[in-house]
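Notes to accompany the following structure.
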Amino acid sequence: MNEIDATHRPVRQILAGPGGSSGAAHPSARGPLPLRVRSRADRVKIEHRLSPAQISDDRIVSALGQLMEAGLLVGQNEFERAFVAVVESCGVPAETAWRWFYRNSVAELRSGQASFSPVHLRARSLLVGDEVLEVGSCFGFFALQCAQDGYRVAAIDIEPAALRLLDAAAREFGLDITTQVGDARDLPFPASSVDTVTLLHLLEHLDSSDVHRAIAEALCVARRRVIIAVPYEETPSEHFGHRQCLTEHDLRDWAAPWSSSHRIDVFDDHGGWLILDRR
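One gets our numbering by counting positions in the sequence shown from 1 and adding 507 to each.
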């Protein structure tokens, strides 16, 4: 009997690596990375001949997103496992591949080449004080850039594996970043302990009932400012684990309970932004 995941789908094996050009295969994803996919009921094989110099977050997300749209990958679980499989099948040890992945990804974000560059650039421009806490850091690209800019940085995420990768990347870059496993709804930091707390493309991952709790936690920890950024989508991106579509109305609704204690700014720039400054 096939294993079933939390969404009641059969769990397929995800493989990646070099493949031949013969035999039936689905058309390759065009554009960011040349991938060919062989999809069966029990497994997916992603064939490629990528070198470490070709892999980055932006390129892999774009390529796998096309496979999601074509129905060759289904759901967040397959997307995430395919992502790791592609990174770790580039002909070098996994540790070396992740070093290349981080080096390439941060360089693309810094140069403006990555699709997420405008979000990180705007967020960095909004930082106040000397200390930054990134809540929901995932791979930690924003935390790394803040540390490169001279900020004292802490990063928290619910996934220990992501933080282990960030720890290794920080050592590789020669940066000091404090990482901690934790939940946005219950931050393990003292009140008023960090100048700026960021929640960048995080709250769309939460159910509506948990969003206000996460914002309250961030406001408690932030000494001066909380920066919130969200995507505006017509439908939630399942492969990213998004649970809700958000609008400016949602941002203003989130801010309303804090209007007497915080100055509020809501604006659009590659999605929606909510800035809350302690009065």
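All C-beta atoms in this analysis are idealised placements derived from N, C-alpha and C, irrespective of residue type, glycine included.
Three-state secondary structure assigned by DSSP to residue i
i, result
"proline 764", "helix"
"threonine 742", "coil"
"valine 591", "helix"
"glutamate 666", "coil"
"isoleucine 562", "coil"
"aspartate 714", "coil"
"phenylalanine 747", "helix"
"aspartate 674", "helix"
"alanine 621", "coil"
"leucine 682", "coil"
"phenylalanine 774", "strand"
"serine 546", "strand"
8 Å Cβ shell around residue i - same chain, five flanking residues per side excluded
i, result
"proline 697", "Val728"
"isoleucine 684", "Gly647, Ala650, Leu651, Ala654, Val660, Ala661, Ala662, Leu673, Asp674, Ala677"
Beta-carbon contacts of residue i that lie in its chain and below 7 Å, excluding the five residues immediately before and after
i, result
"aspartate 717", "Arg692"
"arginine 759", "Val773"
"threonine 742", "Cys752"
"valine 635", "Asp702, Thr703, Arg731, Arg732"
"aspartate 791", "The structure shown does not extend to residue 791, since the chain spans only 508 to 786, so no value can be given for it."
"leucine 616", "Phe623, Ser624, His627, Phe648, Gln652"
"aspartate 784", "Arg731, Arg732, His769, Arg770"
"serine 495", "In the structure as shown, the chain begins at 508 and stops at 786. Residue 495 is therefore absent and cannot be evaluated."
Residue i versus the options, residue with shortest Cα-Cα distance
i, options, result
"valine 660", "Val594, Val639, Arg617, Gly643", "Val639"
"proline 667", "His555, Ala630, Gly689", "Gly689"
"histidine 627", "Arg610, Gly647, Gly598", "Gly647"
"phenylalanine 680", "Ile663, Arg610, His555, Ala723", "Arg610"
"glycine 748", "Gln561, Asp549, Pro559, Gly572", "Gly572"
"glycine 582", "Ser699, Ile521, Leu783", "Ile521"
"tryptophan 780", "Arg550, Pro764, Glu755", "Glu755"
CB contact flag (residue i, residue j, <9 Å)
i, j, result
"serine 624", "serine 618", "yes"
"alanine 523", "alanine 592", "yes"
"leucine 633", "isoleucine 553", "no"
"aspartate 776", "arginine 750", "no"
Integer-rounded CB distance, given that residue j should sit under 8 Å from residue i
i, j, result
"proline 738", "histidine 712", "Actually they do not touch by this definition, with Cβ atoms about 11 Å apart."
"leucine 540", "glutamine 561", "7 Å"
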